[in-house]
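Below you'll find the structure, written out as structure tokens, and then a few comments.
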Amino acid sequence: MDKKNIVIADFNEEYLAALEFEFVKNLEQSVDIHIITDEKYFNEYFGMPQKIDILIIDEALVHETIIKQNISKIFMLSESEEKVSDVNIGNKRIYHLYRYDNVKENYHKVMGQTNLAVHNTAGMVKNTPKTNVITVYSPVGGSGVTVAALGICCAMKKLGKRVLYIDTNTLQNFDCYFMNKEAIKHGIEKDIAGRDELFVSKMDECIGNEIFEYMKPFKPSTIANGIGVESLSFLTETMTGMNKYDYIIIDTSTDFDELKLRLISNSQRVVIVTTQDRISVWKTEQFINNIEVSKNNKFYFVCNKFSTDRENKIAVGSKLSEIEKLEYVKSLEEFRYDFDLSYLYNNNPFEKSAYSLL
């Protein structure tokens with residue numbers, strides 16, 4: 001098996017050690033990693049023709065000699081936190097990494113742009129891990145659960161993950177963000193409502209693909225189709241059990257009912273979406289009074305539509321201020337109100353959330 005050649009060039013030895021460890025831990029015998037921390041050796045090394053699969057390099061070290069080398073992928077470590085678009089220099093695509101992001105996040109960004117497989121110590125490809133289910137829920141109406149779920153799907157797809165989005169809302173209108181408006185074919189909903197195992201043979205007819213794969217919407221509502229809690233549970237459990245996807249992202253309504261309890265119980269991760277206003281904070285506090293969220297890594301909180309121009313009630317003595325895993329996400333509507341899935345993919349405020357859920 002040919003090993004991939006990874007070169008990491010930076011004069012910050014402490015940072016490189018952490019990044020090297022992340023690659024070695026996950027890829028082991030499938031890669032050769034070459035670390036360059038000395039300026040003299042750097043000049044000597046790139047003064048000769050090199051063939052490199054992946055180069056991770058400090059932005060200050062990028063120059064014409066580097067660009068001319070035979071390098072498949074170049075990732076540039078930037079000092080600027082501001083998101084910078086990837087650029088073309090000559091015939092090379094340069095991908096940006098923010099140096100002070102979590103090392104694990106940068107590792108996944110690199111993996112998302114490459115086709116490296118994960119190997120074990122014997123050099124054999126590891127078994128595909130079981131499907132992870134992430135439920136996205138909010139006790140607050142209008143907090144942006146659907147956009148958050150779609151944003152997480154977009155970010156996972158960008159990282160090279162196999163993703164499926166499933167909407168469990170009674171009225172399914174998530175397709176307003178999609179070009180394709182096709183609903184689930186008439187007749188299949190009866191198989192789901194009746195929890196018929198033959199549904200699996202018709203699964204391909206239920207799946208759409210626009211950036212990532214998604215379960216087509218039920219039209220009309222799930223209630224009109226006779227699809228209740230048991231049927232939706234059957235649907236999500238069937239899709240999970242097929243182990244076709246790395247992640248299934250489940251979009252939910254605000255009702256705290258039997259279906260939500262099942263989904264929360266059966267999910268590996270749960271994203272709780274709230275906003276910074278008084279009523280949203282109060283409703284979210286009532287939710288966490290009924291669910292133990294502090295003793296494990298399962299729950300991840302997102303304050304969506306955040307604005308520094310408005311008072312942040314989360315920070316004013318609320319229980320949410322004590323939650324360690326809480327991320328503030330700016331509203332997409334602040335930049336463009338009428339956006340679609342393609343715009344979300346390219347201007348995604350939920351990328352950091354997705355990295356944290358891996």
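Residue numbers for the sequence shown follow the numbering used here, beginning at 1 and rising by one. Beta carbons: idealized from backbone N, C-alpha and C, even for Gly.
Residue interval of the alpha helix (DSSP H) (run including residue 145): 145 to 158
How far does the beta strand (DSSP E) with residue 55 in it extend, from its first residue to its last? 51 to 58
Can you tell me the Cβ-Cβ gap for residue 107 and residue 22, rounded? I've got them flagged as a contact below 8 Å. 4 Å
What is the DSSP secondary structure of residue 352, reduced to helix, strand or coil? helix
Name the DSSP bridge partner or partners of residue 315? Beta-bridge pairing links residue 315 to no other residue.
In the DSSP assignment, the alpha helix (DSSP H) including residue 19 goes from what residue to what residue? 13 to 27
Just to confirm, does residue 318 get its C-beta within under 8 Å of one of the non-hydrogen atoms of the ligand SAH? Within the structure as shown, the ligand SAH is missing, as the structure has no ligands at all.
By how many angstroms is the C-alpha of residue 157 removed from the C-alpha of residue 279? 34 Å
Throw me the rounded Cβ distance for the residue 155 and residue 350 pair, which I believe falls under 8 Å. 6 Å
Does residue 206 pass the burial test, meaning 16 or more other C-beta atoms within 10 Å, or should it be called exposed? buried
Quick one: give me the first and last residue of the beta strand (DSSP E) that residue 223 is part of. Premise fails: residue 223 is in no beta strand (DSSP E) and is neither H nor E.
Here's the rule: buried if 16 or more other CB atoms are within 10 angstroms of the residue's CB, otherwise exposed. What is residue 4? buried
Within 10 angstroms of its Cβ, does residue 165 collect 16 or more other Cβ (buried), or is it exposed? buried
Between the CA atoms of residue 70 and residue 252 - distance to the nearest angstrom: 48 Å
Please report the residue range of the alpha helix (DSSP H) in which residue 214 lies. No alpha helix (DSSP H) contains residue 214, which is instead part of the beta strand (DSSP E) from 212 to 215.
Considering only residues of the same chain and omitting the five flanking positions on each side of residue 233, which have a CB-CB separation below 6 Å? 262
Could you give the DSSP three-state label for residue 184: helix, strand or coil? coil
In whole angstroms, give me the CA-to-CA distance for residue 171 and residue 14. 52 Å
DSSP beta-bridge partners for residue 252? DSSP output for residue 252 lists no bridge partner at all.
Across which residues does DSSP place residue 35 in a beta bridge pair? 8
Please classify residue 67: does DSSP put it in a helix, a strand, or coil? helix
Mapping DSSP to helix, strand and coil, what is residue 170? coil
What does the alpha-carbon distance come out to for the pair residue 122 and residue 110? Because residue 122 carries a pLDDT of 44, less than 50, the predicted location of this residue cannot be relied on, and the following value inherits that uncertainty. Distance between the alpha carbons of residue 122 and residue 110 is about 23 Å.
Pick from 304, 326, 358 that is closest to residue 142, judged by C-alpha positions: 304
Residue 231 versus residue 240 - alpha carbon distance: 14 Å
In whole angstroms, what is the alpha-carbon distance linking residue 210 and residue 20? 35 Å
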